[in-house]
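Engineer: Under this note's numbering, read the sequence shown as residues 3 to 294, first letter to last.
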Amino acid sequence: MEKKRHHSIPLFSTRATATVSVALVLLILGIAALTGIAMHNVAQNVRENMGYVVILNDDLTASQIENIKKRIESSPSTKSVDYASPEVVLKRWQQMIGEDENILELANVNPFFPEMEVHVNAPYASPDSLDAIVAPITLLPEVVEVKIHAEVIDTVNSTMANVTLSLLIVAAALLIISFVLIFNTIRLAVYSRRFTIYTMKLVGATDGFIRRPFLTSNIVNGIVAGIIAAAITAALVYYTRSLSGGIGEVVTWETALPVFGAMIILGIIICFIAALMATNRYLRRSYDDMFH
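1. State the start and end residues of the unbroken beta strand (DSSP E) segment that holds Met118.
2. Specify the secondary structure class of Ala264 as computed by DSSP and reduced to three states.
3. Opposite Glu312 in the DSSP bridges: which residues?
4. Report the CB separation of Gly53 from Met265 in whole angstroms; it is logged as a contact under 8 Å.
5. Use the C-beta contact count for Gly206: other C-beta atoms within 10 angstroms, 16 or more gives buried, fewer gives exposed.
6. Counting C-beta neighbours from all protein chains within 10 Å, is the total for Arg214 16 or more, i.e. buried, or is it exposed?
7. Going by beta-carbon coordinates alone, are Thr50 and Ala124 separated by less than 8 Å?
8. If you measure between the beta carbons of Asn223 and Val27, is that distance less than 8 Å?
9. If I measure Cβ to Cβ from Thr218 and keep anything under 8 Å in the same chain, skipping five residues before and after, which residues do I get?
10. Compare the Cα-Cα distances from Ala64 to each of Ser87, His42, Glu75, Asn43 and report the closest residue.
11. Below 8 Å on the Cβ atoms is my contact criterion, and I expect Val192 with Ala280 to pass it. Report the Cβ-Cβ distance as a whole number of Å.
12. Going by the CB atoms, is the gap between Val239 and Val253 shorter than 8 Å?
13. May I have the straight-line CA-CA distance separating Ile150 from Val165, to the nearest angstrom?
14. With H, G and I counted as helix, E and B as strand and the rest as coil, what does DSSP make of Asn156?
15. Give, in chain order, every unbroken run of the alpha helix (DSSP H) that is at least 4 residues long and sits entirely within the stretch 7–93.
16. Does the Cβ of Ala276 have 16 or more other Cβ atoms within 10 Å, making it buried, or fewer, making it exposed?
17. What residue does the alpha helix (DSSP H) around Pro215 start on, and which one ends it?
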């Protein structure tokens, strides 16, 4: 007599599939989070390299120049101040336009004034803030003019706002898609033990007692998946930091470590909620519904 073949889903294989699926989703979310952090750091660096230029009179003494520099540096908006003499400004201008002829030989005088390049802290890198900052500086008798990089700042702020919004939309979409995928994967794992759930109900087990092992095992799955995803992400960060060109400075270990912890916590939360919903689904079903 030929034996009937029973088609079942191995428990270990199901749990392994669920864990790998969760790990892959967490990996994608982790990379998206680090990308957002990298963009934020780049934006901070760009904003802090912006500011305004203070053009000074060419007859100031060293003491007067130092007093103005200290006054600007004392402002909470100031990150750094770089003084350039008329000779340095002339040299920069010639390098910028690629002028081979010496302008001093043509004009017999250096037409440039001494100036201070002021870089501001990122929170102050907006035209409105800079207007308020430079207003008292323009009134100083030692100052000829103050130039603000307003157009560049507006462009950078607008670009970063669009990039941030795009990343938030992508992250939200990934989170929704990931939860659906993880829920379906965990539901498959619970489905393979649906008759165990029904049998436990028949012998009088409470819903909480039935849920407990499923929730516990899926919390463990979430921890393992989070650790796997965090380890892979850490390897990517390590590789990125080993590259030349300053790419590794965009994402530091100090900023990446909270992301690793969040990946593990998110894995626990998602697995717990998905297991709770999937278990409750089969707790409410009758025996006939178990076959669907």
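For every residue, glycine included, the Cβ atom is placed at its ideal position computed from N, Cα and C.
Structural biologist: Put simply:
1. One-based indexing of the sequence shown puts residue 118 at position 116. Here the beta strand (DSSP E) through Met118 covers 117–122.
2. Indexing the sequence shown from 1 puts residue 264 at position 262. DSSP places Ala264 in the helix class (H, G or I) of the three-state scheme.
3. Residue 312 is absent from the structure shown; the chain starts at 3 and stops at 294.
4. Along the sequence shown, read from residue 1 onward, the residue named residue 53 stands at position 51. Along the sequence shown, read from residue 1 onward, the residue named residue 265 stands at position 263. At roughly 37 Å, the Cβ-Cβ gap does not stay under 8 Å, so Gly53 and Met265 are not in contact.
5. Position 204 of the sequence shown, counted from the first residue, corresponds to residue 206. It is exposed - the Cβ of Gly206 has fewer than 16 other Cβ atoms within 10 Å.
6. Here residue 214 refers to the residue found at position 212 of the sequence shown. Classification for Arg214: exposed.
7. Here residue 50 is taken as the residue at index 48 of the sequence shown, counted from 1. Here residue 124 is taken as the residue at index 122 of the sequence shown, counted from 1. First, the amino acid is wrong: residue 50 is Glu here, not Thr. Result yes, Cβ atoms of Glu50 and Ala124 sit closer than 8 Å.
8. For the purposes of this step, residue 223 is identified with residue 221 of the sequence shown, where counting begins at 1. For the purposes of this step, residue 27 is identified with residue 25 of the sequence shown, where counting begins at 1. Judged by beta-carbon spacing, Val27 lies beyond the 8 Å limit of Asn223, meaning their Cβ atoms are not closer than that value.
9. The sequence position of residue 218 within the sequence shown is 216, counting from 1. Annotation for Thr218: no residue places its beta carbon closer than 8 Å to its own, counting only its chain and skipping 5 residues before and after.
10. The count along the sequence shown starts at 1 and reaches residue 64 at position 62. Of Ser87, His42, Glu75, Asn43, the smallest CA-CA separation from Ala64 is found for Ser87.
11. Taking the sequence shown and counting its residues from 1, the one referred to as residue 192 is at position 190. Taking the sequence shown and counting its residues from 1, the one referred to as residue 280 is at position 278. Val192 to Ala280, Cβ: 4 Å. Contact.
12. Within the sequence shown, residue 253 is the residue found at index 251, counting from 1. Within the sequence shown, residue 239 is the residue found at index 237, counting from 1. Their beta carbons are under 8 Å apart, which means Val253 touches Val239 by this criterion.
13. Indexing the sequence shown from 1 puts residue 150 at position 148. Indexing the sequence shown from 1 puts residue 165 at position 163. Approximately 24 Å between the Cα atoms of the pair.
14. Reading the sequence shown from its first residue, position 154 is the one you call residue 156. First, the residue type needs correcting, since residue 156 is Asp and not Asn in the sequence shown. Here Asp156 sits in helix by DSSP.
15. The stretch 7–93 contains, as complete alpha helix (DSSP H) runs of 4+ residues, the segments 13–50, 64–75 (chain order).
16. Here residue 276 is taken as the residue at index 274 of the sequence shown, counted from 1. Ala276 sits buried, since 16 or more C-beta atoms from the chains shown fall within 10 Å of its C-beta.
17. As a position in the sequence shown, residue 215 is number 213, starting the count at 1. Looking at the DSSP string, the run of the alpha helix (DSSP H) that includes Pro215 is 209–244.
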